[in-house]
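Enquirer: First residue of the sequence shown: 138, per the working numbering; consecutive thereafter. What follows is a structure written as structure tokens; I'll ask about it next.
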Amino acid sequence: MQLKKLLQSLGPGLLFAGAAVGVSHLVYSTRAGANYGFGLIWLVLIANFFKYPFFEFGPRYAAATGESLLKGYQRLGNWVLVLFVGITLGTMFTVQAAVTIVTASLAAHLFGGFDLMVWVGILLTVCSSLLLIGRYNLLDYLMKFIIITLTIITLITVFIAFSNVQDPIDWTQQFPMEGLGLTFVIAFMGWMPAPMDLSVWHSLWALEKQKNTLGGFNLKKSLFDFNVGYIGTTILAFFFVALGALVMYNSGTEFSPKGAVFAKQLIDLYVTTLGSGAGFFVGMAAFITMFSTTITCLDALPRSMARAHSLLVHPASELIEQENKQEASETPRKYYLGWLLVLVLGSLVILNLFLTNMASFLMLATSLSFLTAPFFAIANYILVLRYLPIAQQPSKGIKVLSWFGITYLFVFCGIYLWSLF
């Protein structure tokens, strides 16, 4: 009974985990282990540590005010909301195309039967149908099953990998700060544990959870849910680094820069090294990881664009939220359906025209995510300080960490931009 109550109390935090564990974990964390062994553990630590406050502000703001971060951005000025729309439009199609093609590649590798683009169509159709039929509630239930299954399979896989280690593990940390090494570090930071705009998605999911939860989804419950998802996501990142380090590092294999090919290489190498049983577990973990990211992105990107669209087109009507916060928190269905269709069609166009260059597109998207992170960090910080009552604001420790986090983001953005010239 206690476990059932615990699972019922969770939701947006697990959706956050589902969106986060895709490219950042399966592709970048595993590749970090494959290329550097355990040498980039420091990067996983600092990225998750310094980004924590800005992701936490999403559910905090939603629970305390009954409105999303997007409405908060509008309070700071329409230009802030327009900037968010511009950033999202610049990356949404590439992001959705990238995560879908990796998922499709894994499906084709594991199950066979169809051409790659047919698998893309199947996945987008299945995910869209689930979202249209079940809406938020189905996504909520589905993600609980996916994250629990993923965690169990990943634990089994890491245990198998560690049990086959014969040589001492080298924990020496590495700091690649030039050339392709720096490019990889910035891309990894951009999506570790996730792009910063996931804080916006989380605030929207928190409002949906609040609307669909008897007894409400108050600040305490919302932050507990977030911390479960965030800490779980961080732990899974270490597991995926370990997978790459224990099996792929110093294996002599030339790893592809393309996420889909890299994922298949990961499975093949596990089959060769540890046997078909381990290969099955890795394959299923990889597929479940990417499927969770595909469906959560397919929900969150249209949901955030629909909400922003509604706020920009009907700003005056949104003032009713002081009188009826629940009604004001809903995203208009017609806008959601429209943006879902735009995202699916746009992703298919990207894949048909630029499939051979997806690795470059993904690197560009992750780099842009990191370069735009200071915007989201500062905007979220201002919102919780300006519009939340003192009792619902973050602690002094979190506020101090926010300043260190903003400094960290600007420093590494500066290093990356300096390296381009």
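Cβ coordinates follow ideal geometry from the N, Cα and C atoms, glycine included. None of the values given here were measured: they were computed from a predicted structure.
#1: Among residues of its own chain, excluding the 5 on either side of Ala-156, which ones have a beta-carbon nearer than 8 Å to its beta-carbon?
#2: From the DSSP output, in three-state form, read off Val-255 for me.
#3: Identify, in the order they occur along the chain, each residue of the same chain with its Cβ nearer than 7 Å to the Cβ of Phe-399, setting aside the five sequence neighbours on each side.
#4: CA-CA distance, Thr-442 and Asn-489?
#5: How close, in whole Å, do the beta carbons of Thr-426 and Val-181 come, if the pair is a contact with beta carbons under 8 Å?
#6: Within 10 Å of its beta-carbon, does Trp-256 have 16 or more other beta-carbons around it, so buried, or fewer, so exposed?
#7: Mark His-446 as exposed unless 16 or more other C-beta atoms lie within 10 angstroms of its C-beta, in which case mark it buried.
#8: Count the other CB atoms within 10 Å of the CB of Arg-440; is the residue buried (16 or more) or exposed (fewer)?
#9: Going by beta carbon distance, what residues of the same chain come within less than 7 Å of Gly-534, once the five residues before and after it are set aside?
#10: If I'm right that Phe-312 touches Ile-487 with Cβ under 8 Å, what's the distance once you round it to whole angstroms?
#11: Roughly how many whole angstroms lie between the Cα atoms of Ile-368 and Val-479?
#12: Starting from Ile-543, trace the alpha helix (DSSP H) in both directions and tell me its first and last residue.
#13: Alpha carbon to alpha carbon, how far is Val-537 from Leu-86? Give it in angstroms, no decimals.
#14: Grouping DSSP H, G and I as helix and E and B as strand, with all else coil, what is Leu-147?
#15: Where do the ends of the alpha helix (DSSP H) carrying Met-329 lie?
#16: Where does the unbroken alpha helix (DSSP H) through Ile-368 begin, and where does it stop?
#17: Between the C-alpha atoms of Leu-341 and Ser-300, what's the straight-line distance to the nearest angstrom?
Expert: In this structure, then:
#1: Scanning its chain for C-beta atoms nearer than 8 Å, with the 5 sequence neighbours on each side dropped, one finds around Ala-156 the residues Ala-331, Leu-335, Trp-338, Ser-429, Thr-430, Thr-433, Cys-434, Ala-437, in chain order.
#2: Three-state DSSP puts Val-255 in a helix.
#3: Val-164, Arg-168, Phe-392, Ser-393
#4: Just to set this straight, residue 442 is Met in the shown sequence, not Thr. If you take the alpha carbons of Met-442 and Asn-489, they lie about 24 Å apart.
#5: So it is not a contact: roughly 16 Å between Cβ atoms.
#6: buried
#7: buried
#8: So Arg-440 counts as buried.
#9: none
#10: About 34 Å separates the two Cβ atoms, so there is no contact after all.
#11: 33 Å
#12: Element bounds for Ile-543: 533-556.
#13: Nothing in the structure corresponds to residue 86, since the chain is present only between 138 and 558.
#14: coil
#15: Segment: none, Met-329 is in no alpha helix (DSSP H) and carries neither H nor E.
#16: 356-380
#17: 42 Å
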